[in-house]
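Shown next, in structure tokens, is the structure this report addresses.
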Amino acid sequence: MSNESEMELFSRILLHFTFDGISPALREPEGIAAEAREGITLLRALADRGHRENARDLTEQALSQINEASQLPEAPASVFAQITNELLELHTELST
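See below:
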């Protein structure tokens, strides 16, 4: 993470919450969950490195992207609900 610019890192984190159906792995609930959890791990690492406010802002953006993706007809509702809950928990942690 240290060799990346902040903008590159932020973009990379948000890519973990982009579910547009292009990648075959992201068409399956397990792939979606794994990708999102990797993004959550990166958000926590960003916060641990002293960028709590940025991590919180990115968490809000991720929640927005998850909400948009969950509206798709083929979206696995239970997976998106779990990811949303995990992101909301993280957002609460970062707000304190």
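For the sequence shown, my numbering assigns the number 178 to the initial residue and increments by one for each residue that follows. A virtual CB, placed ideally from N, CA and C, is assigned to each residue, including glycine.
A Cβ-Cβ contact shorter than 9 Å links leucine 186 with leucine 223. Under the three-pair Cβ rule at 8 Å, the stretch 241 to 255 does not count as touching the stretch 216 to 231.
Taken in chain order, the stretch 211 to 267 contains no complete beta strand (DSSP E) segment of 3 residues or longer. Between the alpha carbons of serine 255 and serine 182 lies a distance of about 34 Å.
Boundaries of the alpha helix (DSSP H) harbouring glutamate 185: 183 to 192, taken from the DSSP string.
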